[in-house]
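**Student:** Take this structure, written in structure tokens, and hold onto it; I'll ask about it next.
In my numbering, the protein residues as written are -11 to 288.
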């Protein structure tokens, strides 16, 4: 499905969405994220990796300072800022692409925006700190509302979803309404189905397959399939074909932005998948005339 086009207007730039999926490069400054925890805790290492992601083709750099892996403990606002702010200070006015910050805390979002973040990605879908929407509404920044069931420490105990995409759409619609009531311009809201966030393994595949149903919300769609546990155990020594397959599925089903760790490899996947998607809509198929059924007895 070819995604609808949107024009995102931020304070210092405009971004066209829908012509091709934008690549969001992941930069975790945490000690315990599931695939790269501890690698970029040092602000200098994080600074260098942000430029590597940009050079590889990232359209946005996404910085997370608190892990949302299953079972991850929550950290204080002070600890999150201790990890995050030094990196934001080093990157400010250095990158040519915008910075996104993952947080569900209004206080962290406020500081992140002060230090140059242009996107706030709330992994909780505004369920843990509703004041975050109010903070975003005060500035010309974008808000990504990610769907989450429960919290990381309760995911293993949750029952399966009977209608995964139906449940996601119901919850995200309510979250979008809450954001708009807090003053966030609908033109700066994105939604994310939250792959892995409280969903059983097979339900994540259903969400990717049903992604086109999210057009009901009439806002751009971001998806984060990269290295998620439902794809299997990630091995850095082996090409990440599982993520590549999931990314291709997201592109073909209408994603506007895709969040990935390996930007260089997934850039090729996105470009080819997008070319296939657009080519498929341009093919004029000739009318096929089926031959009349013949009496088989005359063929003997």
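Built from N, CA and C at the ideal position, the CB exists for glycine as well.
#1: Relative to the C-alpha of residue 151, which residue among 118, 197, 39 and 166 is closest?
#2: Give the secondary structure of residue 247 by DSSP, where H, G and I count as helix, E and B as strand, and everything else as coil.
#3: Which residue's Cα is closest to the Cα of residue 8: 17, 189 and -11?
#4: Is the segment 98 to 113 touching the segment 78 to 89, taking contact as three or more C-beta pairs under 8 Å?
#5: Between the segment 178 to 188 and the segment 118 to 136, do at least 3 Cβ pairs fall closer than 8 Å?
#6: Assuming residue 215 and residue 12 are in contact, meaning their beta carbons sit under 8 Å apart, how far apart are those beta carbons, in whole angstroms?
#7: Count Cβ pairs between the segment 250 to 257 and the segment 50 to 64 that sit closer than 8 Å; are there 3 or more?
#8: Alpha carbon to alpha carbon, how far is residue 95 from residue 66? Give it in angstroms, no decimals.
#9: Secondary structure at residue 131, three-state DSSP: helix, strand or coil?
#10: Touching or not, the segment 121 to 128 and the segment 138 to 150, by the rule of three or more beta carbon pairs under 8 Å?
#11: Once the 5 residues before and after residue 97 are set aside, which same chain residues still bring their CB inside 6 Å of it?
#12: Exposed or buried, what is residue 241 when buried is set at 16 or more other beta-carbons lying within 10 Å of its beta-carbon?
#13: Counting C-beta neighbours from all protein chains within 10 Å, is the total for residue 16 16 or more, i.e. buried, or is it exposed?
#14: Identify whether residue 13 lies in helix, strand or coil by the three-state DSSP scheme.
#15: Within the same chain, show all residues whose beta-carbon is closer than 8 Å to that of residue 171, passing over the 5 residues directly before and after it, in chain order.
#16: When the distance is taken between beta carbons, is residue 64 closer than 8 Å to residue 114?
#17: When DSSP labels each residue in this structure, what does residue 168 get in the three-state scheme?
#18: Considering only their Cβ atoms, is the gap separating residue 75 from residue 35 smaller than 8 Å?
#19: From residue 110 to residue 210, what distance separates their C-alpha atoms?
#20: Between which two residues does the beta strand (DSSP E) harbouring residue 191 extend?
#21: Which residues in the same chain have their Cβ closer than 6 Å to the Cβ of residue 199, if we skip the five residues on either side of it in sequence?
#22: Can you tell me the Cα-Cα spacing of residue 260 and residue 224, whole angstroms?
#23: Per DSSP, which residues does residue 52 bridge with? Please list them.
#24: Got a sec: is the Cβ-Cβ distance from residue 66 to anything in chain D below 8 Å?
#25: Is the beta carbon of residue -2 sitting closer than 8 Å to the one on residue 130?
#26: Please report the straight-line C-alpha distance between residue 174 and residue 207, rounded to a whole angstrom.
#27: From residue 0 to residue 128, what does the alpha carbon distance come to, in whole angstroms?
#28: Which term fits residue 191, buried or exposed, when burial requires 16 or more other beta carbons within 10 angstroms of its beta carbon?
#29: Who are the Cβ neighbours of residue 202 in its own chain at under 6 Å, not counting the five residues just before and after it?
#30: Is residue 45 closer than 8 Å to residue 251 when the C-beta atoms are compared?
**Tutor:** Checking against the coordinates, here is how it stands:
#1: Closest by C-alpha distance to residue 151, out of 118, 197, 39 and 166, is 197.
#2: The answer is strand: DSSP assigns residue 247 an E or B state.
#3: The shortest Cα separation from residue 8 among 17, 189 and -11 belongs to -11.
#4: A contact exists between the segment 98 to 113 and the segment 78 to 89.
#5: Taking 8 Å as the limit for Cβ pairs, the verdict is that the segment 118 to 136 does touch the segment 178 to 188.
#6: Between the beta-carbon of residue 215 and that of residue 12 there is about 14 Å, and that puts the pair past the 8 Å contact cut.
#7: Because the criterion of three Cβ pairs below 8 Å is not met, the segment 250 to 257 and the segment 50 to 64 do not touch.
#8: Each residue's alpha carbon lies about 9 Å from the other.
#9: Residue 131: strand per DSSP, three-state reduction.
#10: Contact between the segment 121 to 128 and the segment 138 to 150 is absent, because fewer than three Cβ pairs lie under 8 Å.
#11: If you ignore the 5 residues before and after residue 97, its C-beta comes within less than 6 Å of the C-beta of 91, 108, 120 and 123, all in its own chain and listed in chain order.
#12: Under this definition residue 241 is a buried residue.
#13: Classification of residue 16: buried, given that the 10 Å Cβ count is 16 or more.
#14: Looking at residue 13 - three-state DSSP - the assignment turns out to be strand.
#15: Only 121, 122, 125 and 126 meet the Cβ criterion.
#16: Their beta carbons are not under 8 Å apart, which means residue 114 does not touch residue 64 by this criterion.
#17: In this structure, residue 168 counts as helix in the three-state DSSP scheme.
#18: In contact: residue 35 and residue 75 (Cβ atoms closer than 8 Å).
#19: Taking C-alpha positions only, residue 110 is separated from residue 210 by approximately 12 Å.
#20: Residue 191 -> not in any beta strand (DSSP E); alpha helix (DSSP H) instead, spanning 189 to 197.
#21: Leaving aside the five residues that flank residue 199 on each side, the residues in its chain whose CB is nearer than 6 Å to its CB run, in chain order, 241 and 242.
#22: Whole-angstrom Cα-Cα distance: 23 Å.
#23: Per DSSP, 16 and 90.
#24: Any reference to chain D falls outside this structure, which holds one protein chain only.
#25: For residue -2 and residue 130, yes; Cβs fall inside 8 Å.
#26: Distance from the CA atom of residue 174 to the CA atom of residue 207, rounded to whole angstroms, is 8 Å.
#27: If I take the Cα positions, the gap works out to 9 Å.
#28: Sixteen is the threshold: when 16 or more other Cβ atoms of the shown chains lie within 10 Å of the Cβ of residue 191, as they do, the residue is buried.
#29: Excluding five sequence positions before and after residue 202, the CB atoms of its chain that fall closer than 6 Å to its own CB belong to 209, given in chain order.
#30: The answer is yes: Cβ separation under 8 Å.
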